[in-house]
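**Student:** Below is the structure I would like to discuss, written out as structure tokens.
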Amino acid sequence: ISEVYPTALQFCNSFNLKMAIDIISQAWEAVSEKCMNAVWQTLWPEIVSDSSCSLISDEISNIRHSLVDMATSLGFQEVDEQDIYNLIESHNTEMSNEDFLRIEEKRAKEHDDFGSDTDSVRTLSPEVLSEVFNLSNHIMSLIDENDPNRERSTQVSRQLQGVLSCYKDLYREKMKHVTHLSADRFLIKHE
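full-length UniProt numbering puts the first residue of the sequence shown at 1, with every later residue one more than the last.
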């Protein structure tokens, strides 16, 4: 394979300005007139002929229509061309802080709704993890105070700390998240 395709280092060492110009030239050849007219229509509408723009708008309309057909065939009967247009346009605008807050509130509400439906869901809250660590510390102090074999008690202590390390990482992550959320309250403008 290395005989047919150069390695990345060989390619970088052999790459020159002429090769770069050739790549740019190939890329320009791949750009269609329709694509150029669509871009220039947005940038400088006076120089683009209306016939090419009407062809593009017809093509866009056909694409929207085929998307509606596709959605309908997948069981989304309520989707229409206006929904597709709104969805595409929504990606052209920046979201405001209020939009982000609404989305976050919606997610939190959905999460709360989901949590209330399933009472049997088990979670490791920071409080529970803290209690686990306190109990393990208590166990270790009992062993340390009462085991006459210091080497054995030290080995058990290390092993227990190793076993609980994944929970300590989880605790740190949860505390970081809680700290981040509480700090966010100071950054959000309340009216």
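Note that beta-carbon positions come from the ideal geometry of N, C-alpha and C, so glycine has one too.
Return the residue from the list K176, Q26, Q41 that minimises the CA-CA distance to P126.
**Tutor:** Ranking the options by Cα distance to P126, first place goes to K176.
**Student:** V132 and Y167: beta carbons closer than 9 Å?
**Tutor:** For V132 and Y167, yes; Cβs fall inside 9 Å.
**Student:** Short of 8 Å in beta carbon distance, which residues of its chain neighbour N137, apart from the five on each side in sequence? Order them along the chain.
**Tutor:** There are no such residues.
**Student:** Return helix, strand or coil for residue 193, following the three-state DSSP convention.
**Tutor:** What the structure shows of the chain is the stretch from 1 to 191, and residue 193 is not part of that stretch, so it cannot be assessed.
**Student:** Taking the CB atoms as reference points, tell me whether L170 and L135 lie closer together than 9 Å.
**Tutor:** In this structure, L135 does not lie closer than 9 Å to L170 by Cβ.
**Student:** Output needed for S2: all residues of its chain with C-beta closer than 6 Å, excluding positions within five of it in sequence on either side, in chain order.
**Tutor:** The predicted position of S2 is uncertain, since its pLDDT is 44 and thus under 50; a value taken from the coordinates is nonetheless stated next. Excluding positions up to five away in sequence, the list is empty.
**Student:** What separation, rounded to the nearest whole angstrom, lies between the Cα atoms of I103 and K109?
**Tutor:** Roughly 10 Å between the two C-alpha positions.
**Student:** What separation, rounded to the nearest whole angstrom, lies between the Cα atoms of residue 218 and V31?
**Tutor:** Shown here, the chain extends from 1 to 191; a query on residue 218 therefore has no answer.
**Student:** Three-state secondary structure (DSSP) at S2?
**Tutor:** Reliability of the predicted coordinates at S2 is poor, the pLDDT of 44 falling under 50, and the value obtained from them is presented with this limitation in mind. S2: coil per DSSP, three-state reduction.
**Student:** Using CA coordinates, which residue listed in N62, E98, E94 is at the minimum distance from I84?
**Tutor:** Comparing Cα-Cα distances from I84 to each of N62, E98, E94, the minimum goes to N62.
**Student:** Would a C-beta distance cut-off of 9 Å place M140 and S157 closer than the cut-off?
**Tutor:** The answer is yes: Cβ separation under 9 Å.
**Student:** To the nearest angstrom, report how far apart S73 and E81 are at their CA atoms.
**Tutor:** Roughly 15 Å separates the two Cα atoms.
**Student:** By DSSP, does G162 sit in helix, in strand, or in coil?
**Tutor:** In this structure, G162 counts as helix in the three-state DSSP scheme.
**Student:** Alpha carbon to alpha carbon, how far is I143 from R152? Give it in angstroms, no decimals.
**Tutor:** Straight-line Cα distance between these residues: approximately 10 Å.
**Student:** Secondary structure at E78, three-state DSSP: helix, strand or coil?
**Tutor:** It is coil, neither helix nor strand.
**Student:** With a Cβ-Cβ cutoff of 9 Å, do E59 and K34 count as a contact?
**Tutor:** For E59 and K34, yes; Cβs fall inside 9 Å.
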